[in-house]
Amino acid sequence: MALARAESGVGATVSAFWSQVHPVFMLPPLAASLFGAILTTHFTPSLAILHVVAIFAAVYTAHLKDGYVDFHVRGEDDDHPLSEHGCRVGLAASTATFALCCLLLFVLVGWMAVALTLPTWVIAYHHAPQLDTNPLTATTGYPLGIALSILGGFSVQSGTIAAVPLGFALVFLVLLSGIKVIDDAQDYDYDRSIDKRTVAVTLGPQRAYTVAYGLMVAALLVVVAFAAARVFPPTAVLAAVAFAAVALVARRATPDIATMLLIRGSYVFLAVLVAAVWFEPLAALV
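Put into structure tokens, the structure is as follows:
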């Protein structure tokens with residue numbers, strides 16, 4: 000049975016599977032895993048890579064399953080590069096890769112690392128058609144995956160968990176949930192026509208924007224509070240300032256432009272936090 004829908008051959012099949020790699024949405028979970036790893040005092044590259052591969056497999060599963068459901072099950076998409084059989088083969092391969100990574104993590108690190116990594120695949124596989132129809136789970140699924148990536152990346156290195164990664168996980172869960180509400184608002188008319196209950200459909204666009212920016216403000220206030228309490232490095236406040244500047248511009252933009260700005264603002268937010276954590280030991284020597 001053919002794996003690609005449009006063409007046959009090895010090149011077409013590889014291209015079809017590669018089309019399910021979406022860097023804009025895949026890079027943040029992978030970066031979150033590495034961010035969690037550098038929060039520890041001892042960094043083992045091989046373990047970090049193993050966890051990154053597990054997270055990649057989970058996110059790939061999400062994209063593959065989402066495309067499969069939207070095209071082959073719901074008929075919402077106009078096209079999809081993989082056949083139904085190809086989607087199932089891809090899901091089997093990504094799931095097997097994830098399972099192998101979890102097995103290795105259990106052997107090399109312990110049960111906690113697996114306990115914090117396994118839910119990422121559960122969220123990914125069940126995003127469509129189960130979790131994406133409820134306003135709460137449709138909004139928090141991806142942000143929760145990011146939060147778990149941070150916690151898992153830390154636990155893989157340390158074998159435990161601590162207040163700092165928990166704090167950062169909370170911040171990203173709340174911040175990215177706000178961005179996701181704005182992202183979903185782009186599809187308000189279509190989602191409403193098919194009774195897909197996003198926050199925008201449930202509350203209306205204007206109330207959804209209020210909720211979204213309220214969540215983002217709350218996340219930035221948490222960063223400032225944790226920095227003041229010395230849970231986060233003091234320079235973490237710069238990340239909040241940088242993202243706040245982006246959010247102020249996005250507030251006046253259309254949902255599609257706002258989403259683009261806020262997603263890229265979250266990259267800047269993460270980058271500044273990485274710098275704050277990475278250079279904190281050096282600051283202590285000055």
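Mapping to numbering that gives the first Met the number 0: the sequence shown position 117 is 116, numbers consecutive.
Where is the CB? At the ideal position from N, CA and C, for every residue including glycine.
Taking a contact to require three or more Cβ pairs closer than 8 Å, the region 18 to 38 and the region 140 to 151 qualify as touching. The residue from V108, L81, L115 with its alpha-carbon nearest to that of A168 is L115.
When DSSP states are grouped into helix, strand and coil, L81 belongs to the strand group. A162 and A1 have their C-alpha atoms spaced approximately 49 Å apart. Rounded to the nearest whole angstrom, the CA to CA distance from R73 to K64 is 12 Å.
In terms of Cα proximity to T209, the closest of H41, A246, V170 is A246. Contact between the region 218 to 229 and the region 191 to 200 is not established, with fewer than three Cβ pairs separated by less than 8 Å. Beta-bridge partners assigned by DSSP to A98: none are found.
Each residue's CA atom was taken as its position, placing H71 and S18 some 16 Å apart. Look at A161 here: in three-state DSSP terms it is coil, with no helix or strand label. Relative to the Cα of V248, the nearest Cα in the group R263, K179, G109, A235 belongs to R263. DSSP links A3 through a beta bridge to L81. Secondary structure note for Q205: its alpha helix (DSSP H) is the uninterrupted segment 204 to 227. Between P142 and L104, the C-beta spacing is not below 7 Å. S93 sits close to T60, with the two beta carbons spaced by under 7 Å. Under the three-state reduction of DSSP output, G74 falls in the coil class, being neither helix nor strand. With contacts defined as CB atoms closer than 7 Å, I181 and A239 fail to qualify as a contacting pair. Sequence-distant partners of L49 (beyond 5 residues in either direction) whose C-beta falls short of 8 Å from its own C-beta, in its chain, are C100, L103, L104, L107, V155. Distance between F24 and F55, taken at the CA atoms: about 11 Å. A235 and R87 have their alpha carbons spaced roughly 43 Å apart.
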